[in-house]
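Worksheet: one structure, shown below.
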Amino acid sequence: MSDFPLLRGWHFLQIPGPSNTPGRVLRALSKPTLDHRSPEFGILTKNILLRLKKVFKTTGDIIVYPSSGTGAWEAALINLFDPGDKIIGCETGHFAVLWKNLAEKIGLEIEWIEGDWRQGAEAAKIEELLNKDKEHVIKGVMVVHNETSTGITSNIPAIRTALDRSKHPALLLVDVVSSLATTAFAQDDWGVDVAICASQKGFMMPPGLGFNSINAKAVNASKQSKSVHSYWRWDRILEMNETGYYPYTPASGLFFGLDEALTMIEEEGLDNLVARHKRLAAACRAATAKWGLENQCLNPDEYSDSTTALIIPNGYNADELRKYILTYLNMSLGSGLGKLKSKVFRLGHLGDFNELMLMGMLSGVEMGFEKMRIPYQKGGVQAAMDFLTNSADS
Ligand SMILES: Cc1ncc(COP(=O)(O)O)c(C=O)c1O
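Following the numbering used here, the numbering of the sequence shown begins with 0 at its first residue and continues without gaps.
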């Protein structure tokens, strides 16, 4: 006999990615494998690459790797920089730290702007470093747009302005892994040279595809790079993509799912999609404010529309709360990552997500508080319902 209860009904996947994969996308993923050198695959790829540009809001090129987001981070760095090059990194949370660690392992030198994981990247500090760098030794600035570990969204246009004001030629690299197709993002208008993403969050897909969305400046910089690597090279992939193919066997099965996910994004429209995430995130925060739990994000202007990270009251363990909720209520919540382990739990409200899914998630959390005797103020679920019924539909 198992120690765990047998759970029926739907599993609530409320981690901040991988997000729920809609039935339509699952069905598309189940199509028979395609010859990746066939005319049909070439057409599928070219069509996907064109439509992806609309989501990133760019006229540049999009590289799709069979990789996770971490692979896409590494791909961007090794295409652009050489060992010994200096780049700026901003400590917004766990994912910014992981990206920095990766950059150091491949030999880059990081000018690290420390942070307390409670606010976004600071444009003024980036500007200060760039202004001091008269010789233009700094080659790039890397920023995580939505820090999934803390539920904090950084102001990318303010960072672009910092680069422009300092008249510094450094490339701007932005991780949009949990912001793209959940939160407003406009690569070309915001002057982002490389946007890095993955399939498992806003795209509502399983993990497995990594993206580098690159503008002409980034492509030119990659031509100067002397980093030694082969598989990740943009030039060869761009060349083959012209006709819809890849220099290796692509994750062709996942392309079917991405094609359907893009159709769903197009049907909703990006503006409506962003408004839906904003509204559901605000309803979520109406509940958390009522509960009286502290948001990891200190600045309301930086609240994330895809993730809310909550601090568990002193003396309580966020992992025990999550364990209870998973074991008895069949719901997965995000854990505290890195230094936030056991202190924070995260609510994912992104992707294929609606009002009643939000209400189910909040009810489960409130039941968990009650059962684990965590001090909180009742009425969070009601506050979210009131918010939803009183605010305009997205
Ligand atoms: C903001 C952000 N960047 C990068 C990553 C790393 O992506 P992956 O786990 O797919 O390698 C994640 C993963 O959750 C993330 O949330």
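A virtual CB, placed ideally from N, CA and C, is assigned to each residue, including glycine.
Within the same chain, and ignoring the five residues on either side of residue 190 in sequence, the residues whose Cβ sits closer than 7 Å to its Cβ are 159 and 171. At a threshold of 7 Å, residue 74 does not count as near ligand 1, since its beta carbon sits no closer than that to any of the ligand's heavy atoms.
Its chain contains 376, 378, 379 and 382 as the residues whose beta carbon lies nearer than 7 Å to that of residue 289, once the 5 sequence neighbours on both sides are disregarded; these appear in chain order.
In the DSSP annotation of this structure, the continuous segment of the alpha helix (DSSP H) that includes residue 218 starts and ends at 215-223.
In the DSSP secondary-structure assignment, residue 98 is not bridged to any residue. Straight across, the Cα-Cα distance linking residue 312 with residue 208 is about 37 Å.
Out of 367, 338 and 149, the CA that lies nearest to the CA of residue 322 is found in 367.
Nearest to residue 75 by alpha-carbon distance, out of 99, 53 and 52, is 99.
For residue 143, the shortest C-beta to heavy atom distance toward ligand 1 is below 7 Å. At least one heavy atom of ligand 1 is found less than 7 Å from the C-beta of residue 176. Using a Cβ distance threshold of 8 Å, residue 10 and residue 329 count as a contacting pair. Of 281, 63 and 256, the smallest CA-CA separation from residue 205 is found for 256.
With respect to the 8 Å criterion, residue 279 and residue 332 are not classified as neighbours on the basis of their beta carbons. Residue 334 has its CB no nearer than 7 Å to any heavy atom of ligand 1. Listed in chain order, the beta strand (DSSP E) elements of length 3 or more contained wholly in the segment 279-322 are 306-310. Within 7 Å of the C-beta of residue 149 there is not a single heavy atom belonging to ligand 1. By the neighbour-count criterion, in which a residue is buried when 16 or more other Cβ atoms sit within 10 angstroms of its Cβ, residue 164 is exposed. Collapsing the DSSP output to three states places residue 244 in coil. A direct Cα-Cα distance of roughly 50 Å separates residue 299 from residue 37.
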